[in-house]
Amino acid sequence: MGLVEGKIAIVTGGGANIGEACAKLLADHGAAVAIADINEEGAQRVAAEIGDVGGKAIGLKVDLGDEANIAAMVAAVVDKFGRIDILHNNAANTAAAQMTRDGSLVEMEPEVWDAAFDINVRGTMLVTKHVVPHMIAAGGGSIINTGSGVSLLGDVLNPAYSASKAAVNALTRNTATQFGRANIRCNAILPGLVLSPVARAQMTEEQLGMIQRHVLLPRASVANDIAGAVLWLASDLASFVTGQIISADGGIVHHQPHYADMLDMFAATQAQQ
Numbered sequence: 000m001g002l003v004e005g006k007i008a009i010v011t012g013g014g015a016n017i018g019e020a021c022a023k024l025l026a027d028h029g030a031a032v033a034i035a036d037i038n039e040e041g042a043q044r045v046a047a048e049i050g051d052v053g054g055k056a057i058g059l060k061v062d063l064g065d066e067a068n069i070a071a072m073v074a075a076v077v078d079k080f081g082r083i084d085i086l087h088n089n090a091a092n093t094a095a096a097q098m099t100r101d102g103s104l105v106e107m108e109p110e111v112w113d114a115a116f117d118i119n120v121r122g123t124m125l126v127t128k129h130v131v132p133h134m135i136a137a138g139g140g141s142i143i144n145t146g147s148g149v150s151l152l153g154d155v156l157n158p159a160y161s162a163s164k165a166a167v168n169a170l171t172r173n174t175a176t177q178f179g180r181a182n183i184r185c186n187a188i189l190p191g192l193v194l195s196p197v198a199r200a201q202m203t204e205e206q207l208g209m210i211q212r213h214v215l216l217p218r219a220s221v222a223n224d225i226a227g228a229v230l231w232l233a234s235d236l237a238s239f240v241t242g243q244i245i246s247a248d249g250g251i252v253h254h255q256p257h258y259a260d261m262l263d264m265f266a267a268t269q270a271q272q
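Each residue of the sequence shown is one higher than the one before, counting from 0 in numbering that gives the first Met the number 0.
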């Protein structure tokens, strides 16, 4: 028996990277999974790969900027499987065209700011809005939002993305508070840099080394690290966990400067004396 045996799950942004890993792990543990993604081809591919190993999955196209489209996606899942027990709000606007324009606040174009909030916050809210009534009808459920470690920090880049993910943290707590008595739990997982093939291809060895020096564990994060945390929160093992903002980043945002950096600072000070 898997940890979510017989449960029905929706994973938004499930057609690649973190969402794909989460969808596959939930399916491995017995859930029937609806993979919802703006990239229908990716959603269908992941669903087919789950089916090839004996799991249950469907792939659906969804545009999180369109409430009618979200409502239709949720209705299609209920029509296919009868209920919804798990929602993983994973989708976000991380398109290169968006992220490269999300830079200095004094140069911020309002449409770039709005595009981040439209998908990352409004889209997450709308999927939750349309799923919660079905969870109530089923006797409860678990909602897991994908946040980001940058929601807890200041950074020199991507203020729209960071602010939108901070809003997801607030939305998570409000969802947990509003629907806890209906036996609906809501938590957020905050990844750091997840070394997907796409992310790795865009980074130099120097950039990777700089980030890795701030991770307390001796390796970089991969998508399955996040999937394991999502599976736990979706399962009854976390049945009394709600309203939590949980970092799954190898400790990158929760420590004093790394020992290696302290050594470099000490060496620089000695060289100046």
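Glycine included, every Cβ here is placed at the ideal spot set by N, Cα and C. Keep in mind it's a predicted model, so treat the numbers as computed, not measured.
Could you give the residue range of the beta strand (DSSP E) that holds residue i?
i	result
His129	It is not in any beta strand (DSSP E) - His129 instead sits in the alpha helix (DSSP H) that spans 123-137.
Quick one: what does DSSP say residue i is sitting in, helix, strand or coil?
i	result
Leu2	coil
Ala56	strand
Gly140	strand
Ile49	helix
Asp62	coil
Asp224	helix
Pro190	strand
Arg44	helix
Ala95	helix
Asp101	coil
Phe239	coil
Gly81	coil
Glu67	According to the sequence shown, residue 67 is Ala rather than Glu. Three-state DSSP puts Ala67 in a helix.
Ala219	coil
Val252	coil
Val214	coil
Roughly how many whole angstroms lie between the Cα atoms of residue i and residue j?
i	j	result
Gly64	Ala74	17 Å
Val36	Lys23	Per the sequence shown, residue 36 should be read as Asp rather than Val. Their backbone Cα atoms lie some 15 Å apart in a straight line.
Glu4	His28	6 Å
Thr99	Ala175	33 Å
Glu108	Lys128	29 Å
Val229	Ala270	47 Å
Asp84	Gly139	7 Å
Asn38	Asn88	16 Å
Trp231	Ile183	15 Å
Met72	Val61	7 Å
Val111	Asp51	40 Å
Ala219	Arg199	11 Å
Ala33	Asn157	30 Å
Ala47	Ala56	7 Å
Ala242	Asn186	The residue you asked about is not Ala; residue 242 is Gly in the sequence shown. Near 5 Å, if we compare the C-alpha coordinates of Asn186 and Gly242.
Thr203	Lys79	45 Å
Ile245	Gly153	18 Å
Val214	Gly81	42 Å
Ala31	Asn119	25 Å
Glu40	Thr11	14 Å
The alpha helix (DSSP H) spanning residue i covers which residue range?
i	result
Pro196	196-200
Asn173	158-178
Gly153	Where Gly153 is concerned, there is no enclosing alpha helix (DSSP H), given that its DSSP letter is neither H nor E.
Pro109	109-116
Gly208	204-211
Asn16	16-27
Would you mind sorting residue i into buried or exposed? The rule is 16 or more other CB atoms within 10 Å of its CB.
i	result
His254	exposed
Gly58	buried
Ala274	One cannot answer for residue 274 here, as it falls past the ends of the chain, which runs 0 to 272.
Ala67	exposed
Ser238	exposed
Gly122	buried
Ala45	In the sequence as presented, Ala is not what sits at residue 45; that position holds Val. The residue is buried, with at least 16 neighbouring Cβ atoms inside 10 Å.
Pro196	exposed
Ser150	buried
Glu205	exposed
Asp235	exposed
Ser103	exposed
Val155	exposed
Give me whichever residues DSSP pairs with residue i in a beta bridge.
i	result
His87	Val10, Ile143
Val32	Ala8, Ala56
Ala247	Pro190
Ile37	Beta-bridge pairing links Ile37 to no other residue.
Arg184	Ser141
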